[in-house]
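In terms of numbering that gives the first Met the number 0, the sequence shown opens at residue 0 and continues consecutively.
For glycine and all other residues, C-beta sits at the position ideal for the given N, C-alpha and C.
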Amino acid sequence: MTFEAPRPPADRQQAPPTWGRAPLLRVLLAQAVGAFFAFLGAFAAAAWFGLTAPLFVVLVTQGVIAARLGERLFRLPRWWIPIQMVMPPAAALLSGFDVPAWIYLAAFVVLALVFWNAAGSRVPLYLSNATTETALATLLPDRPGARFIDLGHGFGATVLTLAKVRPDMIVEGIESAPFPFLVSWIRRLIIGPANARILYGDLWKRGLAPYDMVYVFLSPAPMSAIFEKAKAEMMPGSLLVSNSFAVEGIEPTETRVLDDGRRTKLYLYRF
Ligand SMILES: C[S@@+](CC[C@H](N)C(=O)[O-])C[C@H]1O[C@@H](n2cnc3c(N)ncnc32)[C@H](O)[C@@H]1O
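Shown next as C-alpha cells:
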C-alpha cells in the first residue's frame with residue numbers, strides 16, 4: 000500500500016505535537032499519593048496492631064503504589080514503573096551515605112543532557128543495532144545524491160555507518176539532546192565520512208521535503224504525528240522507516256522482521 004503525498008510548499012511544515020504534558024509533575028503527584036497511603040498504612044498498623052514497619056518497607060510500599068498509580072491513573076509510560084518503584088528506597092539509602100552534594104548535581108546534569116527528551120517528548124535513548132543498520136542500507140535509494148535523515152540520531156552510529164556505505168549519498172541526522180549530539184559531532188569530526196551531517200535541533204522543526212528516506216526509532220507516543228508530518232512534507236516515492244513502533248491505524252507498505260536477538264521490526268511507509 001502507498002500513501003498519497005501531495006507536494007508541499009517549501010515553507011509548509013507540521014506543527015509539533017502537544018503530547019507529553021508535564022510527566023515529571025505526574026511522577027511527583029504519584030509519589031506524593033504513594034507516600035500518603037504508605038505512611039497512613041504504617042501509622043494504622045502501629046496504632047491498631049502495635050506493629051512498627053521498618054522505614055525501608057514503607058518506602059518500598061510508596062514506590063509500588065506510585066508505580067501503579069503512575070501507570071493507571073496518571074497515564075505515564077510503562078518504563079516509569081521500575082523508576083517509580085526504586086526512587087523512594089534509593090533516595091533513603093543514598094541519604095544514609097555521606098555522598099557529597101556535587102555528585103548528585105553532576106549525575107543529574109549528565110542524565111539530563113543524555114535523556115533530554117525522555118520526559119517531555121516521551122522518547123528515551125536506546126540505539127539501533129548493526130543488523131538494523133545493514134537492513135537500512137539495503138533500503139537506501141539507488142540514486143546518487145539521494146538524501147537520508149535519522150530523526151533523533153542518538154550517538155550517530157546509524158548516520159556514520161550509512162554514510163560510509165553510501166559515499167554518493169548525503170546522510171544526515173538531527174538530535175536535540177546535547178550530550179549525544181556532542182559525541183556524534185566529535186565522532187564525525189574524527190572519523191568522518193565527509194557526506195555525513197550531524198545536526199543539532201528539534202526534529203519537529205526539520206522540513207522533510209528534501210529527504211528520499213527518513214528513519215525514526217522513537218517510541219509509540221510520537222508515531223502518529225511523525226507519520227502526519229512525513230505524509231505532508233515528503234515527496235511522492237519517498238520512504239519513512241520506523242524501527243519497532245508502527246503507526247496506529249495505518250497499514251505499513253511492508254514490515255521487515257530482522258534476524259537479530261530482539262527480532263527487530265522495521266515498518267516501511269512508502270508515500
Ligand atoms: C531511541 S533513540 C534512537 C537513536 C538513533 N536514532 C538510533 O537508532 O540509534 C531516540 C533519539 O531521539 C532523540 N529525540 C527525541 N525527541 C527529539 C526531538 N524532538 N528532536 C531531536 N531529537 C529527538 C532522543 O534524544 C534520542 O537520542
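_For D211, list the residues DSSP reports as bridge partners._
As a position in the sequence shown, residue 211 is number 212, starting the count at 1. DSSP output for D211 lists no bridge partner at all.
_Using the Cβ count rule (16 or more neighbours within 10 Å means buried), how would you classify D211?_
For the purposes of this step, residue 211 is taken as residue 212 along the sequence shown, with counting starting at 1. Answer is buried; the Cβ neighbour count reaches 16.
*Proximity winner among D97, P99, L124, relative to L110 (alpha-carbon distances)*: Reading the sequence shown from its first residue, position 111 is the one you call residue 110. With distances taken between Cα atoms, L110 lies closest to L124.
*Per-residue DSSP class, three states only, for P16*: Within the sequence shown, numbered from 1, the residue matching residue 16 stands at position 17. At P16 the pLDDT is 43, less than 50, meaning the model places this residue with poor confidence and gives no usable figure here.
*Pick helix, strand or coil for E70, following the three-state DSSP scheme.*
Locating residue 70 in the sequence shown gives position 71, where the first residue counts as 1. Helix at E70.
*Taking the alpha carbon of D167 as the point to measure from, which residue in D97, E174, N194 has its own alpha carbon closest?*
Taking the first residue of the sequence shown as 1, we reach residue 167 at position 168. The candidate whose alpha carbon is nearest that of D167 is N194.
*Tell me, to the nearest whole angstrom, how far the beta carbon of L202 is from that of L161; I am working on the premise that it is less than 8 Å.*
Position 203 of the sequence shown, counted from the start, is the residue given in the question as residue 202. Position 162 of the sequence shown, counted from the start, is the residue given in the question as residue 161. Not a contact, Cβ separation roughly 17 Å.
_For a quick check, are the C-beta atoms of A159 and I185 less than 8 Å apart?_
What you label residue 159 is simply residue 160 of the sequence shown in a count that begins at 1. What you label residue 185 is simply residue 186 of the sequence shown in a count that begins at 1. According to the sequence displayed, residue 159 carries Leu and not Ala. No, they are not a contact pair.
*Can you list, in chain order, the residues of its chain whose CB lies under 6 Å from that of R205, leaving out five sequence neighbours each side?*
Looking up residue 205 in the sequence shown gives position 206. So the qualifying residues of the chain are I173.
*Thinking A37 and Q83 are a contact (beta carbons under 8 Å), I'd like their distance in whole angstroms, please.*
As a position in the sequence shown, residue 37 is number 38, starting the count at 1. As a position in the sequence shown, residue 83 is number 84, starting the count at 1. That belief does not hold up - the Cβ atoms of A37 and Q83 are roughly 13 Å apart, past 8 Å.
*Is S218 helix, strand or coil by DSSP?*
Mapped onto the sequence shown, residue 218 falls at position 219. Three-state DSSP puts S218 in coil, outside helix and strand.
_I need the DSSP call for G200, collapsed to helix, strand or coil._
The residue you call residue 200 lines up with position 201 of the sequence shown. Note: G200 maps to coil in three-state DSSP.
*Along the beta strand (DSSP E) that carries V170, what are the first and last residues, could you check?*
Here residue 170 is taken as the residue at index 171 of the sequence shown, counted from 1. Run containing V170: 169-174, per the beta strand (DSSP E) assignment.
_For R241, the three-state DSSP class (helix, strand or coil)_ = Here residue 241 refers to the residue found at position 242 when the sequence shown is read from its first residue. The question names Arg, yet the displayed sequence has Ser at residue 241. Reduced to three states, the DSSP call for S241 is strand.
*Cβ of I173 versus every heavy atom of ligand 1: is any distance shorter than 7 Å?*
Position 174 of the sequence shown, counting from 1, holds the residue named residue 173. It does: the Cβ of I173 is within 7 Å (strictly closer) of some heavy atom of ligand 1.
*Answer yes or no: the CB of G206 versus the heavy atoms of ligand 1, is any distance below 7 Å?*
Taking the sequence shown and counting its residues from 1, the one referred to as residue 206 is at position 207. Incorrect: G206 has no Cβ contact closer than 7 Å to ligand 1.
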